[in-house]
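Structure first, then comments.
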Amino acid sequence: MSKYDVIVLGSGPGGYVTAIRASQLGLKTAVVEKESLGGVCLNWGCIPTKALLKSAQVFEYLKHAEDYGLKVENADKDFTAVVKRSRGVAEGMSKGVQFLMKKNKIDVIEGYGKIKPGKKVDVDGKEYSADHIIIATGARSRELPSLPQDGETVIGYRKAMTLEKQPKKMIVVGSGAIGVEFASFYNSMGTEVTIVEYMPNVVPVEDEDVSKQFERSMKKAGITVMTNSSVEKVEKTENGVKATVKTKKGEEVLEADIVLSAVGIKTNIENIGLEDVGIVVDSDKIIVNDWYQTNIPGYYAIGDVTKGPALAHVASAEGITCVEKIAGMHVEAIDYSNIPGCTYATPEIASVGMTEKQAKEAGYELKVGKFPFSASGKASAAGTKDGFVKVIFDAKYGEWLGCHMIGAGVTDMIAEAVLGRKLETTGHEVLKTIHPHPTMSEAVMEAVADAYGEVIHL
Amino acid sequence: MSKYDVIVLGSGPGGYVTAIRASQLGLKTAVVEKESLGGVCLNWGCIPTKALLKSAQVFEYLKHAEDYGLKVENADKDFTAVVKRSRGVAEGMSKGVQFLMKKNKIDVIEGYGKIKPGKKVDVDGKEYSADHIIIATGARSRELPSLPQDGETVIGYRKAMTLEKQPKKMIVVGSGAIGVEFASFYNSMGTEVTIVEYMPNVVPVEDEDVSKQFERSMKKAGITVMTNSSVEKVEKTENGVKATVKTKKGEEVLEADIVLSAVGIKTNIENIGLEDVGIVVDSDKIIVNDWYQTNIPGYYAIGDVTKGPALAHVASAEGITCVEKIAGMHVEAIDYSNIPGCTYATPEIASVGMTEKQAKEAGYELKVGKFPFSASGKASAAGTKDGFVKVIFDAKYGEWLGCHMIGAGVTDMIAEAVLGRKLETTGHEVLKTIHPHPTMSEAVMEAVADAYGEVIHL
Amino acid sequence: NGNLFISPLIKSIAQQQHISYEELARIPGTGKDGRLRKSDLMQYIEEGRPY
Ligand SMILES: Cc1cc2nc3c(=O)[nH]c(=O)nc-3n(C[C@H](O)[C@H](O)[C@H](O)COP(=O)(O)OP(=O)(O)OC[C@H]3O[C@@H](n4cnc5c(N)ncnc54)[C@H](O)[C@@H]3O)c2cc1C
Ligand SMILES: Cc1cc2nc3c(=O)[nH]c(=O)nc-3n(C[C@H](O)[C@H](O)[C@H](O)COP(=O)(O)OP(=O)(O)OC[C@H]3O[C@@H](n4cnc5c(N)ncnc54)[C@H](O)[C@@H]3O)c2cc1C
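Chains as they are written, first to last, in our numbering: chain A, 1 to 458; chain B, 1 to 458; chain C, 1 to 51.
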């Protein structure tokens with residue numbers, strides 16, 4: 001029986017990053033994976049969707065070439081080629097993880113893993129043992145009882161990124177990041193898209209101003225948005241589906257080729273031996289402490305399978321924290337109030353910290369500033385004037401409570417706010433940080449200036 | 001005679017921003033301008049060039065549409081339309097400044113201004129007085145004796161962004177930001193471009209690794225690069241010019257339609273009354289102290305007309321500092337070691353702080369890290385794998401001495417480094433700042449990890 | 001200088017130079033609201049830690 005310092009169950013951005021860091025720290029490490037290396041993120045999540053969205057973005061440029069003084073004829077997409085490109089990118093990334101595993105001398109054990117008491121892992125009948133077993137089995141698309149996925153007319157995200165034929169009409173249920181990214185992609189490709197959202201606002205976790213702006217942008221792009229609505233029933237028809245949607249004004253029946261269910265995730269905690277070992281879960285999440293230890297010594301859990309936002313960068317950070325602690329390093333616990341969230345639709349959304357509503361509810365007196373890209377020189381030059389940066393400060397001490405961005409490229413701009421908050425900046429330092437001209441990032445400085453009544457370009 | 005608290009001479013990003021801030025602070029303000037509001041930056045610099053470069057970027061997408069699973073036929077540029085779009089953007093921005101002047105109740109005095117003793121300004125014969133006179137007359141394209149600009153075959157940047165006919169062959173003299181931006185633009189448009197640079201490296205102010213990578217990218221894009229070379233002589237021919245270039249290997253004669261001289265700037269200090277008032281200059285720059293006061297009380301100078309990097313964001317920051325001091329606020333002097341510089345060519349370049357060479361020469365022991373975009377998931381998905389992020393830390397105390405980026409979108413990413421340095425971060429905090437996945441900005445975190453021997457994805 | 005904010009860089013320098021929190025608090029800061037900056041601390045060290 002092979003013996004390791006660390007065995008990681010699952011090779012998503014939680015698992016494989018954990019394994020690399022463990023190996024860097026001198027721990028003998030193995031990772032167990034039943035499918036492709038890289039987990040949902042690389043194979044069925046972050047990466048392939050961003051590849052699809054890049055094709056969509058370029059297609060938008062083709063469609064609007066004239067706005068830039070350019071000429072094209074017969075601009076068209078080849079849907080199969082777009083999907084194929086996305087799969088190619090995902091495969092490339094998965095191969096990259098394979099390379100990293102080898103380079104870091106991490107054993108990859110292929111197969112279905114199950115934890116066992118006595119710090120053992122069974123993989124398809126073969127047993128391995130380790131001093132530390134880290135569960136990183138991730139999650140899958142959640143199914144609603146009213147919306148069972150048959151993989152043909154009602155599909156989840158995996159199918160949605162590998163369809164062989166582009167649907168003419170599509171209903172997307174749920175307007176979280178995943179839902180609107182697909183809505184944005186298919187809309188760009190020419191599919192007629194309707195979004196059905198149960199909450200009053202789309203992208204409901206975002207600041208209300210962002211939600212509003214995003215809804216406007218989506219509608220302008222031709223997407224039908226139904227908020228305060230829920231899909232009650234889906235019936236198969238000859239050519240597709242008929243969905244009964246409950247709205248505030250009563251029931252509506254929509255026809256479509258396909259329904260994409262994007263209503264969240266369900267953790268992979270079944271049949272991996274949790275009960276045998278006696279690990280405690282709470283409403284489908286494994287319970288862990290600040291160092292990702294479960295209730296049973298030697299067993300840890302990180303990533304989507306635990307509480308906290310189901311995001312790749314969170315899974316990775318949790319894994320790194322977990323093994324650095326195991327290796328005896330002095331580590332700080334992750335600050336869950338400072339985790340950026342991004343949506344890569346058109347326009348992009350990026351945010352960190354509290355929304356204005358949350359900050360008010362927390363009892364803060366606020367200084368709020370907002371700078372629209374319509375007033376940005378760079379946005380004018382680039383033809384990307386949709387959106388804004390909104391910043392929220394505590395009026396008393398100047399703490400940067402929240403930053404909310406919507407517009408072109410903002411997913412690469414939010415890092416400034418995350419670092420600034422990490423370093424406990426006040427608005428003053430951001431304002432006096434000379435941002436390069438002309439960039440979209442100037443909008444951060446200007447939004448702060450707006451909060452302090454010193455905005456220049458408004 | 002009208003009397004103001006503040007008169008600003010020149011309405012570039014130095015002058016108009018100064019005027020707005022002055023007015024916000026309750027000062028009665030006027031700005032004198034002989035041409036269009038907004039100065040070089042809005043009319044002939046930052047903004048129109050970025051509009052041209054955006055057209056070039058979109059044109060590149062059209063040319064490479066197939067890489068994204070898309071199809072186009074007869075993709076072409078309409079050079080006149082591209083230039084026209086750029087002019088339109090510039091005009092729009094200049095109108096925007098007009099609006100801002102009105103909104104902030106700033107008097108715009110049209111005409112040629114000259115300062116006079118006794119805190120007066122003469123504008124085409126009419127006299128105005130003010131307690132504080134701020135000189136922000138900026139700069140123009142510098143002419144080399146060996147390369148006099150005739151505006152037809154040897155041109156400066158103004159002409160270069162308003163050519164009526166696209167040249168077939170172009171020689172760009174000088175590979176600073178302006179030179180390579182034009183080289184990049186014309187190359188994308190299909191002009192055969194040769195860059196002649198006197199120094200051993202292109203973009204010579206940048207870190208050597210960046211210069212090298214940039215030269216590779218330019219060559220790959222089809223631009224001919226001649227370093228260690230200088231244009232000795234230009235002769236008119238029937239169809240264009242013949243340029244004699246001195247290289248390390250001897251003389252070479254190049255033929256082209258047009259030569260763009262992009263060898264730096266010359267300040268506008270002639271004939272504006274400096275001598276009358278007795279203001280001291282040093283090799284064509286007005287001498288000022290930390291608060292932009294000249295040697296004569298009541299007279300100030302900011303922007304390109306003073307020492308320091310000739311950049312729009314510097315001009316604006318100097319102006320704001322200058323009037324905040326005038327208004328009696330507690331102000332910090334600008335830290336000139338923390339000013340970002342950007343080049344918006346393909347690929348983009350952005351940097352702040354010391355280059356590796358400078359840091360070594362300053363006597364630091366270094367921790368240097370580098371993360372190539374070829375290892376970034378987002379770059380793979382977006383098809384933008386060229387370039388890298390390089391970070392330089394002081395090994396002793398962990399100070400972030402420099403950050404150098406080259407690649408897609410990096411001009412919007414450098415703000416993180418500028419703020420981090422402003423807040424006196426060490427590498428540790430950047431490393432432990434959770435960057436969103438998948439973004440290009442993760443490369444910053446990974447480059448820091450590399451410097452500390454903890455990089456994951458390499 | 002009671003309300004002392006210590007930037008990561010200040011902390012790093014102080015640790016290696018064995019400068020206590022109390023000692024840091026005595027150094028006049030030139031930043032906004034008296035915030036202690038690297039330059040203040042380095043100058044203080046160069047001057048032979050006068051406070
Ligand atoms: C469409 C979509 C788009 C997304 N986009 C983003 C985004 O842009 N940014 C972002 O941050 N997040 C995004 N996410 C979320 C992100 O993918 C997850 O948060 C992340 O993958 C979680 O990582 P993980 O390591 O916890 O689990 P997973 O990535 O789910 O990996 C778990 C791995 O464990 C394996 N496994 C499970 N059980 C066993 C077993 N018993 N034996 C062996 N192996 C097992 C699985 O096969 C899988 O490979 C997206 C998700 C989806 C679905
Ligand atoms: C092609 C090009 C691209 C550039 N790109 C960038 C970039 O991307 N980013 C960046 O940061 N910088 C860029 N720059 C540099 C930037 O444009 C300058 O640093 C900036 O404009 C300086 O601002 P200023 O206010 O000091 O002077 P200017 O912008 O030069 O403005 C001076 C103004 O004063 C007026 N004036 C002069 N004399 C008088 C007088 N006697 N009476 C009345 N009015 C007068 C002029 O007409 C002018 O409007 C670029 C420059 C060029 C040429």
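We put the beta carbon where it would ideally sit given N, CA and C, even for glycine.
Next item on the list: Look up Y128 of chain B in the DSSP assignment and give the residues it is bridged to.
Entry: Answer by DSSP bridge pairing, in chain order: B:S2 and B:V121.
Check: Roughly how many whole angstroms lie between the Cα atoms of V281 of chain A and N268 of chain A?
Finding: Those two C-alpha atoms are separated by around 12 Å.
Next item on the list: Kindly indicate the opening and closing residues of the alpha helix (DSSP H) around N201 of chain B.
Entry: Neither: N201 of chain B is in no alpha helix (DSSP H) and is coded neither H nor E.
Notebook entry, point to check: Apart from the five residues just before and just after K248 of chain B, which ones in its own chain have a Cβ nearer than 8 Å to its Cβ?
Noted result: Cβ neighbours of K248 of chain B beyond the five flanking positions: N228 and S229.
Notebook entry, point to check: Taking Cβ positions only, does Q98 of chain A come closer than 9 Å to chain B?
Noted result: At a cut-off of 9 Å between C-beta atoms, Q98 of chain A does not count as an interface residue with respect to chain B.
Item checked: P436 of chain B beta carbon near ligand 2 (any heavy atom closer than 8 Å) -> Not a single heavy atom of ligand 2 lies less than 8 Å from the C-beta of P436 of chain B.
Notebook entry, point to check: Could you give the distance in angstroms between the alpha-carbon of P436 of chain B and the alpha-carbon of S12 of chain C?
Noted result: Straight across, the Cα-Cα distance linking P436 of chain B with S12 of chain C is about 27 Å.
Next item on the list: Measure the C-alpha to C-alpha separation of A447 of chain B and K38 of chain C and round it to an integer number of angstroms.
Entry: Whole-angstrom Cα-Cα distance: 24 Å.
Notebook entry, point to check: What do you reckon, is the C-beta of N239 of chain B under 8 Å from a heavy atom of ligand 2?
Noted result: No, the beta carbon of N239 of chain B sits no closer than 8 Å to any heavy atom of ligand 2.
Next item on the list: Would you check if the distance between the CB atom of D107 of chain B and the CB atom of A30 of chain B is smaller than 9 Å?
Entry: For D107 of chain B and A30 of chain B, yes; Cβs fall inside 9 Å.
Notebook entry, point to check: Using the beta-carbon count (16 or more within 10 Å), is K105 of chain A buried or exposed?
Noted result: In summary, K105 of chain A is exposed, with fewer than 16 beta-carbon neighbours lying within 10 Å of its beta-carbon over all protein chains present.
Checklist line | Per-residue DSSP class, three states only, for G2 of chain C | finding: Low confidence applies here, because G2 of chain C scores a pLDDT of 49, under 50, leaving its location unreliable and the question unanswered by this model.
Check: Which residues of chain C have a Cβ atom closer than 9 Å to the Cβ of H428 of chain B, listed in chain order?
Finding: Against chain C, the beta carbon of H428 of chain B has neighbours under 9 Å at P8 and S12, listed in chain order.
Check: Quick one: Cα of N1 of chain C to Cα of E208 of chain A, how far?
Finding: Per-residue confidence for N1 of chain C stands at a pLDDT of 44, beneath the threshold of 50, marking its modelled position as unreliable; the derived number appears in the next sentence. The alpha-carbon separation between N1 of chain C and E208 of chain A amounts to approximately 40 Å.
Next item on the list: Go through its chain and collect everything with a Cβ distance to H404 of chain A's Cβ below 6 Å, but skip five positions before and after it.
Entry: Sequence-distant Cβ neighbours of H404 of chain A in its own chain, meaning closer than 6 Å and more than five residues away, are D207, V210, S351 and K390.
Notebook entry, point to check: How would you label N43 of chain A, buried or exposed, when you count the other beta carbons within 10 angstroms and need 16 or more for buried?
Noted result: In summary, N43 of chain A is buried, with 16 or more beta-carbon neighbours lying within 10 Å of its beta-carbon over all protein chains present.
Margin query: Taking 8 Å as the cut-off, is the beta-carbon of V108 of chain A closer than that to any non-hydrogen atom of ligand 1?
Written below: Outside the cutoff, so no.
Margin query: Within 9 Å of any Cβ in chain C, is that where the Cβ of V455 of chain A sits?
Written below: No, because no Cβ of chain C sits closer than 9 Å to the Cβ of V455 of chain A.
Next item on the list: Give, in chain order, every residue of the segment 17-42 of chain B whose Cβ lies closer than 8 Å to some Cβ of chain F.
Entry: In the structure shown, chain F does not exist; the protein chains are A, B and C.
Next item on the list: Return yes when the C-beta of I287 of chain B is under 8 Å from any heavy atom of ligand 2, and no when it is not.
Entry: Incorrect: I287 of chain B has no Cβ contact closer than 8 Å to ligand 2.
Check: Any contact of the segment 153-163 of chain B with the segment 258-278 of chain B, i.e. 3+ C-beta pairs under 8 Å?
Finding: The segment 153-163 of chain B, when compared against the segment 258-278 of chain B, does touch it at the 8 Å Cβ threshold.
Checklist line | G151 of chain B classed as buried or exposed, judged by whether at least 16 other C-beta atoms fall within 10 angstroms | finding: It is exposed - the Cβ of G151 of chain B has fewer than 16 other Cβ atoms within 10 Å.
Margin query: Which residue marks the beginning of the alpha helix (DSSP H) containing G88 of chain A, and which one marks its end?
Written below: Its alpha helix (DSSP H) spans residues F79 to K103.
Check: Does the segment 386-401 of chain A touch the segment 417-433 of chain B, meaning 3 or more C-beta pairs lie closer than 8 Å?
Finding: The answer is no - the segment 386-401 of chain A does not touch the segment 417-433 of chain B, with fewer than three Cβ pairs under 8 Å.
Check: Going along chain A in order, which residues have a C-beta closer than 7 Å to the C-beta of K32 of chain C?
Finding: Residues of chain A whose Cβ lies closer than 7 Å to the Cβ of K32 of chain C are, in chain order, H428.
Next item on the list: Label M42 of chain C either buried or exposed according to how many other C-beta atoms from any shown protein chain fall within 10 Å of its C-beta, with 16 as the threshold for buried.
Entry: M42 of chain C comes out exposed.
Margin query: Does the distance between the C-beta of L9 of chain B and the nearest non-hydrogen atom of ligand 2 fall short of 8 Å?
Written below: Shortest gap from the CB of L9 of chain B to any heavy atom of ligand 2: under 8 Å.
Note to self: According to DSSP, E235 of chain A sits in a beta bridge with which residue or residues?
What the structure shows: DSSP, once it has assigned bridges, lists A:K242 as partnering E235 of chain A.
Next item on the list: Kindly indicate if chain A contains any beta-carbon less than 9 Å away from that of H132 of chain B.
Entry: So no, H132 of chain B is outside the interface.
Note to self: Run through chain B and tell me which residues come within less than 9 Å of L70 of chain A, C-beta to C-beta.
What the structure shows: In chain order: S55, V58, F59, L62, A75, D76, K77, D78, A81 and V82.
Notebook entry, point to check: For Y469 of chain A, which residues of its own chain have a beta-carbon under 6 Å away from its beta-carbon, when the five flanking residues on both sides are left out?
Noted result: The shown model of chain A, from 1 to 458, leaves out residue 469 of chain A, and the question about it has no answer.
Item checked: Cut-off 7 Å between Cβ atoms - residues of its own chain near V263 of chain A, not counting five sequence neighbours on either side -> Excluding positions up to five away in sequence, the list reads R142, L144, V173 and G174.
Next item on the list: Grab the span of the beta strand (DSSP E) containing K116 of chain B for me, first residue to last.
Entry: Its beta strand (DSSP E) spans residues G113 to K116.
Check: Comparing the CB of E252 of chain A with every heavy atom of ligand 1, is any distance shorter than 8 Å?
Finding: Not under cutoff, so the answer is no.
Note to self: Let me see if you follow: with CB-CB separation under 9 Å, is K378 of chain A close to chain B or not?
What the structure shows: Taking Cβ atoms only, chain B reaches closer than 9 Å to K378 of chain A, which makes this a yes.
Margin query: Taking 9 Å as the threshold (beta carbon to beta carbon), is R37 of chain C in contact with chain B?
Written below: R37 of chain C counts as touching chain B.
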